[in-house]
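Student: The structure follows.
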Amino acid sequence: MTQDCIFCRIAAGDIPARKVYEDDAIVAFHDLEPQAPVHVLIIPRRHLSTLLEASADDAKLLGALQFRAIEIARELGLESSGFRLVTNCLAGAGQSVFHIHLHLLGGRKFSWPPG
Ligand code: 5GP
Ligand code: ZN
Numbered sequence: 005m006t007q008d009c010i011f012c013r014i015a016a017g018d019i020p021a022r023k024v025y026e027d028d029a030i031v032a033f034h035d036l037e038p039q040a041p042v043h044v045l046i047i048p049r050r051h052l053s054t055l056l057e058a059s060a061d062d063a064k065l066l067g068a069l070q071f072r073a074i075e076i077a078r079e080l081g082l083e084s085s086g087f088r089l090v091t092n093c094l095a096g097a098g099q100s101v102f103h104i105h106l107h108l109l110g111g112r113k114f115s116w117p118p119g
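If you count the sequence shown from 1, position 106 lands on 110 in the working numbering, and the numbers rise without skipping.
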């Protein structure tokens, strides 16, 4: 737990969030400023600042985050319409919270390439 990290504090329950899932390793909750009708963030409890901090030992955790996002997409009714999974890595790619997270976005049409 990193005290000054907002997502560590959400994972610990110190800051409220609309959680949709949690287990020993993963927490998922609705984004505060949703960019789509469904916008859920899936995070590991363990603090990793960016994807670049992940090592080979974290491969299972990264896979578990993605699998959990897919399960939540199903639960939230995105199975037919589809969804987008995004991780921004570093500020240049749009990362603003430095605790890794997957964005699960759905419920509207998405364009490509992303902005
Ligand atoms: P990033 O910009 O790092 O890819 O994504 C960070 C996301 O976290 C943003 O979509 C932002 O709206 C969301 N966010 C930032 N602070 C909070 C918070 O305190 N609670 C929740 N639920 N979401 C947050
Ligand atoms: Zn953190």
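Where a beta carbon is used, it is the ideal one built from N, C-alpha and C, also for glycine.
Provide the residue span of the beta strand (DSSP E) that contains Ala32, from first to last.
Tutor: Here the beta strand (DSSP E) through Ala32 covers Ile30 to His34.
Student: Can you list, in chain order, the residues of its chain with a C-beta nearer than 7 Å to that of Cys93? Leave out the 5 residues immediately preceding and following it.
Tutor: The residues are Thr54, Leu55, Leu56 and Gln99.
Student: Leu65: which of Ile14, Phe11 and Asp28 sits nearest, CA to CA?
Tutor: Minimum Cα distance to Leu65 is reached at Asp28.
Student: Could you check if Leu56 belongs to the surroundings of ligand 1, using beta carbon to heavy atom distance under 7 Å?
Tutor: Not under cutoff, so the answer is no.
Student: Where the beta carbon is closer than 5 Å to any heavy atom of ligand 2, which residues qualify, in chain order?
Tutor: Here the list is Thr6, Cys9, Phe11, Cys12, His51 and His103.
Student: According to DSSP, is Ile104 part of a helix, a strand, or is it coil?
Tutor: Coil.
Student: Quick one: what's got a C-beta closer than 7 Å to Ala68's C-beta in the same chain, skipping five residues either side?
Tutor: If we look at Ala68 and ignore the five residues flanking it on each side, its Cβ neighbours are Ala29 and Ile30.
Student: In the DSSP output, what is Phe87 paired with across the bridge?
Tutor: In DSSP, Phe87 forms a bridge with Gly110.
Student: Look at the Cβ atom of Leu109, then the Cβ atom of Ala73, and state whether they are nearer than 8 Å.
Tutor: Contact: no.
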